[in-house]
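**Student:** Everything in the sequence shown is counted per our numbering, starting at 175 for the first residue and increasing by one.
Mind having a look at this structure? Questions to follow.
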Amino acid sequence: MLISFEGLDGCGKSTQVQLLAERLQSLGYPVRIFREPGATPLSEYIRQLLLHTEMEISPIAEMLLFNAARAQLVHSAIRPALEAGAIVLCDRFDDSTTAYQGYGRGLPLAVVLQCNQIATDGLKPALTFVLDVPVELALQRSQKSDRMEQAGLLFFERVRWGYREIALREPDRVICVDATYTPDEVHTTIWHHVCRRLPSLL
Ligand code: TYD
Numbered sequence: 175m176l177i178s179f180e181g182l183d184g185c186g187k188s189t190q191v192q193l194l195a196e197r198l199q200s201l202g203y204p205v206r207i208f209r210e211p212g213a214t215p216l217s218e219y220i221r222q223l224l225l226h227t228e229m230e231i232s233p234i235a236e237m238l239l240f241n242a243a244r245a246q247l248v249h250s251a252i253r254p255a256l257e258a259g260a261i262v263l264c265d266r267f268d269d270s271t272t273a274y275q276g277y278g279r280g281l282p283l284a285v286v287l288q289c290n291q292i293a294t295d296g297l298k299p300a301l302t303f304v305l306d307v308p309v310e311l312a313l314q315r316s317q318k319s320d321r322m323e324q325a326g327l328l329f330f331e332r333v334r335w336g337y338r339e340i341a342l343r344e345p346d347r348v349i350c351v352d353a354t355y356t357p358d359e360v361h362t363t364i365w366h367h368v369c370r371r372l373p374s375l376l
């Protein structure tokens, strides 16, 4: 079972991944956590290229690099973990590319979705949580200044809008959670949704 966490930088994803992992582990479920971009040597290398460079990277090159990192992660880490019976929690997955490169950078959605499909080899999360926060709050919480963070307010508004569209399009998979609440309150909402699916998805 693959569960992904999505949202703007600073929305609190990493905290929620950690809280859910601890809760599942305390009940005896095997859990693996991965973050995107990263988690394999090649993907970490691409992460450095994408986030910490002065080089010009075109929107299409950026989209392909995120997907190259993802292809390696799916192939060498996520699929093996799922086959071993783990619940896999992913801090970002293909919806990040749809939201950031599709809606944010303005690449044609059909192209982005097709590349995502190739990179993931058709693997879809069983459940995706979009942690929704206003852009101002997200930027305030996020202390980073990497390449993506320099994209500007309007870019992040488009990304937020994109996530909402994704949730509207796939309501069975994607749950939009108001992440302006405290971490414990957000976790309670997430746990409620995970519990409803656990028996059928394990
Ligand atoms: P990271 O430091 O992992 O931030 P976060 O904690 O917000 O996940 O940086 C990842 C950055 O890359 C973030 O700004 C979102 C962006 N990103 C994309 O633009 N497209 C993608 O497909 C992925 C996975 C991430």
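Glycine included, C-beta positions come from ideal geometry on N, C-alpha and C.
All values reported here derive from a predicted model rather than from experimental measurement.
In whole angstroms, what separates the C-alpha of Q246 from that of S217?
**Tutor:** Each residue's alpha carbon lies about 7 Å from the other.
**Student:** Let me check one thing: in DSSP terms, what residues is V205 bridge-paired to?
**Tutor:** Answer is I261, bridged to V205.
**Student:** Can you give, in chain order, each stretch of the beta strand (DSSP E) that sits fully within the segment 206–262 and has at least 3 residues?
**Tutor:** Taking only runs of at least 3 residues, no beta strand (DSSP E) segment lies wholly in the segment 206–262.
**Student:** Would you check if the distance between the CB atom of V191 and the CB atom of D268 is smaller than 7 Å?
**Tutor:** Against a cut-off of 7 Å, the Cβ pair of D268 and V191 comes out as no contact.
**Student:** Only counting the same chain, and skipping five residues up and downstream in sequence, which positions put a Cβ closer than 6 Å to that of G212?
**Tutor:** Answer for G212: E218 and R221, listed in chain order.
**Student:** Given this structure, state the Cα-to-Cα distance separating M229 from M322, to the nearest angstrom.
**Tutor:** For M229 and M322, the distance between alpha carbons rounds to 13 Å.
**Student:** Which residue wins for smallest C-alpha separation from L328, given the options V309, L224, D183 and A353?
**Tutor:** Comparing Cα-Cα distances from L328 to each of V309, L224, D183 and A353, the minimum goes to V309.
**Student:** Is it buried or exposed, R244, if we count other Cβ atoms within 10 angstroms and call 16 or more buried?
**Tutor:** Buried, since its Cβ has 16 or more Cβ neighbours within 10 Å.
**Student:** Evaluate C185 with the Cβ neighbour count: other Cβ atoms within 10 Å of its Cβ, from every protein chain shown; 16 or more gives buried, anything less gives exposed.
**Tutor:** C185 should be labelled buried.
**Student:** From R371, V304 and T271, pick the residue whose C-alpha is nearest to that of M237; which is it?
**Tutor:** With distances taken between Cα atoms, M237 lies closest to T271.
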